[in-house]
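In what follows, a structure is listed as structure tokens, so that the remarks can point back to it.
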Amino acid sequence: MNENDYFKMHTEWLKYKSCLFDMNTGLPVLSVVLDEIRKMVDDYGKVTVIYIDITKDIESLYGWQLYDKLIRQTINSINNLKKEILPAHTIITLASVRSGEILLFLATDKLGNQLTNSEVERIQYRIKDVIENELPGWEPNYIFATRVFRLGYSFFTKSPIRRTERTIFQAIEKAKRIIEMQKEESRLDRDLNLEYIIANNEIETVYQPIVNLKAGNILGYEALARVNNDSFLSNSEILFSYAIETDMLLDLERICRTNAIKHLPESLGGKKLSINSSAKGIYDPEFKSKKFDNFLHDNNIEKDDVVIEITEKLAVTDYEAFNTSVKILKEKGYKIAIDDMGAGYSSLRTIAELKPDYLKYDMALIRDIHKNLIKKDLLETLIPFTERLGAEIIAEGIETEMEYEVLRDIGIKYGQGFFLAKPANPFPKVSIQTK
């Protein structure tokens with residue numbers, strides 16, 4: 003065999019292996035361990051499958067890196083339980099590569115006794131307890147609590163007339179259905195919770211200053227929503243991410259908008275008021291109505307002092323309709339900002355067509371920028387591009403003096419973050435040392 007043939011064969015082997023073993027965890031996929039499971043049911047007569055589903059919401063909110071990390075940590079926790087509660091013969095596998103669906107196959111308890119339903123539930127509870135105990139130390143600190151993952155179980159027995167593989171897959175489907183029932187119950191609870199929050203206006207508004215990094219003066223304030231209860235939806239990011247999946251998003255955004263204007267602690271005095279809107283919310287007819295104009299006028303706010311921050315957690319599918327809606331708002335005098343640049347579906351096409359007044363760069367680009375030359379160089383190259391658009395950059399999530407100093411020194415004009423001032427009501431004071 004020559005060298006080229008060897009490398010070709012090795013490459014093919016790696017491709018083949020990547021289909022059978024998950025690179026993130028090193029675990030085999032289900033098809034690889036079917037023979038082992040078949041042998042287990044032959045030896046013991048009855049096998050239990052525990053199905054663990056890690057929510058994909060984490061990947062949507064925090065990115066695939068943290069989602070992969072959570073899967074790895076969950077696998078480590080389960081492996082550690084082999085010493086405590088799981089029998090040595092336990093088979094741990096994934097439903098498919100890059101999956102958050104973990105499958106455990108076991109036939110007895112730690113002492114070799116036949117598994118009862120109560121014993122399986124005890125094992126499930128212990129797995130749940132171990133994984134949950136790891137979550138508070140995570141950064142960012144997940145607010146999902148017990149909803150990060152769900153567990154279900156089923157079992158299958160040896161049959162002289164049924165194909166073993168089919169009984170395995172049917173047992174997995176039963177365990178999945180248990181999880182789907184749990185999810186449906188949870189969805190109903192959350193829908194009722196969201197309806198209650200909207201109906202009773204359980205939203206308060208806090209304001210975070212947007213600061214001129216060189217001069218230290220305040221450009222304006224971003225209005226941020228906070229929920230006045232300790233429910234699952236009490237975190238704003240979770241609240242809006244969930245509302246997007248329902249037909250209540252516009253109602254929620256209307257309340258937040260109204261509160262932001264109505265509860266201003268003092269006159270803006272010529273400063274800007276930034277109000278968040280989803281891409282879907284831009285189509286809200288209330289935005290373009292005389293009623294909203296009059297509401298601003300009644301609260302002594304000029305339209306050109308209002309900045310509508312469009313967050314792109316939802317992809318824009320109809321650019322023509324979207325651009326038309328934004329154009330109407332601009333013609334009425336509102337300023338436009340694109341929020342979460344670099345984190346959502348923001349694209350050069352979106353920016354070029356919308357011609358926004360402000361581009362807000364996500365904290366993922368700002369975090370530790372003093373340690374990362376690539377981030378620093380990238381942001382520097384965006385300054386002339388932004389200037390050609392006639393827009394200004396606002397850096398979000400400034401949390402340290404070093405981040406602030408780098409941003410100021412490379413010419414970023416505006417910023418916001420905990421280092422400058424935390425969101426509050428009344429307006430918080432800003433205190434920074436300027437050169």
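The sequence shown begins at 3 in our numbering and counts up one residue at a time. Here a beta-carbon is modelled for each residue, glycine too, at the ideal position from N, C-alpha and C. Here the structure is a predicted model, which is why all the values come from computation and not from measurement.
Nearest to residue i (by Cα), restricted to the options the options
| i | options | result |
| --- | --- | --- |
| Asp359 | Asp306, Ser243, Met404, Asp70 | Asp306 |
| Ile220 | Gly271, Met183, Glu186 | Gly271 |
| Glu355 | Asp320, Arg100, Asn427 | Asp320 |
| His91 | Tyr69, Asn115, Glu167 | Asn115 |
| Leu476 | Val208, Ser327, Gly392, Val229 | Outside the modelled stretch of the chain, which goes from 3 to 437, sits residue 476, for which no answer is possible. |
| Val213 | Val35, Gln418, Arg100 | Gln418 |
| Lys264 | Asp191, Tyr336, Leu106, Asp300 | Asp300 |
| Ser269 | Glu247, Thr313, Val229, Tyr223 | Tyr223 |
| Lys373 | Leu22, Tyr406, Thr383 | Tyr406 |
| Gly448 | Cys258, Leu298, Lys293, Asn302 | Missing from the structure shown is residue 448; the chain here goes from 3 to 437 and no further. |
| Arg128 | Ser101, Lys292, Ser79 | Ser79 |
| Arg228 | Asp286, Pro425, Val432, Lys41 | Pro425 |
| Asp342 | Phe107, Val43, Ala217, Glu311 | Glu311 |
| Leu252 | Asp131, Glu197, Ile133 | Glu197 |
| Ile246 | Leu215, Ser62, Leu32 | Ser62 |
| Lys357 | Ala393, Leu380, Tyr336 | Ala393 |
| Lys130 | Leu153, Leu32, Ala97 | Leu153 |
| Met404 | Leu215, Leu113, Ser120, Leu32 | Leu215 |
| Tyr336 | Ile376, Ile303, Ala173, Glu322 | Ile303 |
| Ile353 | Tyr285, Leu422, Thr313 | Thr313 |
| Asp37 | Arg168, Ala423, Lys332, Glu175 | Arg168 |
| Ser120 | Leu298, Phe297, Tyr155 | Tyr155 |
Residue i vs residue j beta-carbon contact at 7 Å
| i | j | result |
| --- | --- | --- |
| Asn195 | Ser233 | yes |
| Asp2 | Val99 | With the chain covering only 3 through 437, there is no way to say anything about residue 2. |
| Asn427 | Pro267 | yes |
| Thr388 | Leu361 | yes |
| Val309 | Ala339 | yes |
| Ala225 | Ala262 | yes |
| Thr95 | Pro30 | yes |
| Glu104 | Ile54 | In the sequence under discussion, the amino acid at residue 104 is Ile, which differs from the Glu named in the question. Closer than 7 Å, so yes. |
| Ile170 | Ile39 | yes |
| Leu108 | Pro89 | yes |
| Glu204 | Asn231 | yes |
| Asn26 | Asp70 | yes |
| Gly28 | Ile73 | no |
| Ile93 | Val34 | no |
| Val328 | Ala177 | no |
| Thr57 | Val132 | no |
Own chain partners of residue i with C-beta closer than 8 Å, once the 5 adjacent residues on each side are dropped
| i | result |
| --- | --- |
| Lys334 | Lys290, Asp295, Lys305 |
| Thr110 | Tyr46, Pro89, His91, Gln116, Leu117 |
| Lys273 | Ile220, Leu221, Gly222, Tyr223, Asp307 |
Exposed unless 16 or more other CB atoms sit within 10 angstroms - verdict on residue i
| i | result |
| --- | --- |
| Asn278 | buried |
| Pro287 | exposed |
| Arg179 | exposed |
| Leu22 | exposed |
| Ile163 | exposed |
| Gly65 | exposed |
| Gln172 | exposed |
| Ala281 | buried |
| Ala323 | exposed |
| Phe242 | buried |
| Phe420 | exposed |
| Ile199 | buried |
| Glu255 | buried |
| Leu190 | exposed |
| Ile240 | buried |
| Leu32 | buried |
| Ile174 | buried |
| Leu106 | buried |
| Leu113 | exposed |
Neighbourhood of residue i by C-beta, 6 Å cutoff - its chain only, sequence neighbours within 5 removed
| i | result |
| --- | --- |
| Thr118 | none |
| Ala397 | Tyr363, Ile368, Leu409, Ile414, Gly417 |
| Asn325 | Glu355 |
| Ser433 | none |
| Glu206 | Arg228, Asn230 |
| Ile395 | Leu361, Thr388, Ile414 |
Neighbourhood of residue i by C-beta, 7 Å cutoff - its chain only, sequence neighbours within 5 removed
| i | result |
| --- | --- |
| Arg192 | Phe234, Leu235, Tyr244 |
| Arg369 | Gly399 |
| Lys378 | Ile371, Val408, Ile412 |
| Ala345 | For Ala345, the predicted model reports a pLDDT of 49, less than 50, meaning its position is unreliable and no value from the coordinates is stated. |
| Thr166 | Arg40, Val43 |
| Thr248 | Asp193, Leu196 |
| Lys332 | Ile338 |
Closer than 7 Å to chain C by CB, residue i
| i | result |
| --- | --- |
| Lys378 | Here there is only one protein chain, and chain C is not present. |
task: Decide yes or no for the touch test of the stretch 71-86 against the stretch 175-186: beta carbon pairs closer than 8 Å, at least 3 of them.
output: no
task: Decide if the stretch 157-173 is in contact with the stretch 42-55; the criterion is three or more beta carbon pairs, one per stretch, under 8 Å apart.
output: yes
field: Validate contact between the stretch 376-388 and the stretch 410-417 using beta carbons, cut 8 Å, 3 pairs
entry: yes
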